[in-house]
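K.L.:
Numbering (the working numbering), first residue to last: 2 to 253.
Where is the CB? At the ideal position from N, CA and C, for every residue including glycine.
What you are looking at is a predicted structure, and each value in this text was computed from that prediction instead of being measured.
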Amino acid sequence: MKRERVRLGVNIDHVATVRNARGGAHPDPARAAEAALAAGADGITAHLREDRRHITDADIDVLTALCRRAGKPLNFEMAVTEEMLAIALRHRPHAACLVPERREEVTTEGGLAVAGHEARIAPVVKALSEAGIRVSLFIEPSEAQVEAAAAVGAQVVEFHTGRYCHLTDPAERAFELDRLAAAAAQADILGLEVHAGHGLDYATASVVLEIPEIKELNIGHFLIGEAVFVGLDAAIRRMRTAMDEAVAGANR
Ligand SMILES: CC(=O)[C@@H](O)[C@H](O)COP(=O)(O)O
Ligand SMILES: NCC(=O)COP(=O)(O)O
């Protein structure tokens, strides 16, 4: 079956990381979101961490309005807490992606443990879904997590690709890619839309797109870093081209 164009969500968290290093207003994540959409991003992803280390509540206010005006989806990444649920229900973004959080971590180190925590996660999924918000769960590519994601009523799973991206040993990489492919196939059978993200760059995004079930990639840190050298517009356009070429290659 011919594969469709895969959507690119651009995560602008780390524009806020740089801004917050000096406590001022520059660089502005909203300006980055506008530039990302102008460069061809299909949507914007932003993670409002409980500790507000990068994106702030005010950023979410602005990004919600900006995406609504542009007619583009905002993917709101949030921890499974009462506070974040209330914020999501107030803003009603296109999608909410439930992610794990640990105060002491440098970045999101793994996927959300859904299996074994269904009773805590299912009501949050239900509340978001009833508000018309598409719910995604950021999980490890494991059979148990995919099964649990379907059981709690999520519409989407986003597989954490950080492990794949950091591995250097070819055999370990191949093993992890197989794990991603198997989990994607299982999710698709269970009726879950499949997304992937974390740590992706031009090369790893291209390889991950060998997995035919993937409909969307969410990419931030690499693109913001690359923007230092080539500009955000060029980095996003190059990623778009890399993704389109990977899909075209799979269609040949
Ligand atoms: C959940 C996730 O992967 C993203 O939100 C992204 O990596 C940026 O946020 P952190 O680096 O703060 O996890
Ligand atoms: N959910 C993953 C994401 O939004 C982007 O992760 P990264 O590219 O910043 O590592």
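Exposed or buried, what is ARG50 when buried is set at 16 or more other beta-carbons lying within 10 Å of its beta-carbon?
P.N.:
By the 10 Å Cβ count, ARG50 comes out buried.
K.L.:
Considering Cα atoms alone, identify which of ARG54, ILE61, SER130 is closest to ARG104.
P.N.:
Measuring from the Cα of ARG104, the nearest candidate turns out to be ARG54.
K.L.:
May I ask which residues mark the beginning and end of the alpha helix (DSSP H) holding VAL7?
P.N.:
Element bounds for VAL7: n/a, residue is neither H nor E.
K.L.:
Taking contact to mean at least 3 C-beta pairs separated by less than 8 Å, is the region 18-26 in contact with the region 36-46?
P.N.:
Verdict: no, contact absent.
K.L.:
In chain order, which alpha helix (DSSP H) runs of at least 4 residues are fully inside the region 37-102?
P.N.:
Correct list: 58-71, 83-92.
K.L.:
Taking 7 Å as the line, does the beta carbon of THR162 fall inside it for any heavy atom of ligand 1?
P.N.:
It does not: the Cβ of THR162 is nowhere closer than 7 Å to a heavy atom of ligand 1.
K.L.:
Kindly provide the chain-ordered list of residues whose Cβ lies closer than 5 Å to any non-hydrogen atom of ligand 1.
P.N.:
Those residues, listed in chain order, are ASP14, HIS48, GLU78, VAL100, THR108, THR109, HIS199.
K.L.:
Assuming the contact rule is C-beta atoms closer than 8 Å, ALA33 and LEU233 should be a hit. Round their C-beta distance to whole Å, please.
P.N.:
6 Å between Cβ atoms; contact.
K.L.:
Would you mind listing the alpha helix (DSSP H) stretches within the region 154-222 that are 4+ residues and don't spill past its ends, in chain order?
P.N.:
Segments of the alpha helix (DSSP H) lying fully in the region 154-222: 163-167, 171-190, 203-209.
K.L.:
Hey, how far is the Cα of ALA247 from the Cα of GLU177?
P.N.:
One C-alpha to the other measures close to 19 Å.
K.L.:
On the DSSP bridge assignment, give the partners of PHE139 in chain order.
P.N.:
Note: PHE139 sits in a beta bridge opposite GLU159.
K.L.:
May I have the straight-line CA-CA distance separating LEU67 from ASP170, to the nearest angstrom?
P.N.:
Computed Cα separation, rounded: 42 Å.
K.L.:
Mind reading off the beta-carbon distance from ILE225 to LEU201? Whole number of angstroms is fine, and I expect it under 8 Å.
P.N.:
Rounded, the Cβ-Cβ distance is 13 Å, inconsistent with contact.
K.L.:
Residues in its own chain within less than 8 Å of LYS3 by CB, not counting five upstream and five downstream?
P.N.:
Excluding residues within five positions, the ones whose Cβ falls inside 8 Å are ASN252.
K.L.:
Tell me whether GLY221, by its Cβ, gets closer than 7 Å to a heavy atom of ligand 2.
P.N.:
Yes, ligand 2 has a heavy atom inside 7 Å of this Cβ.
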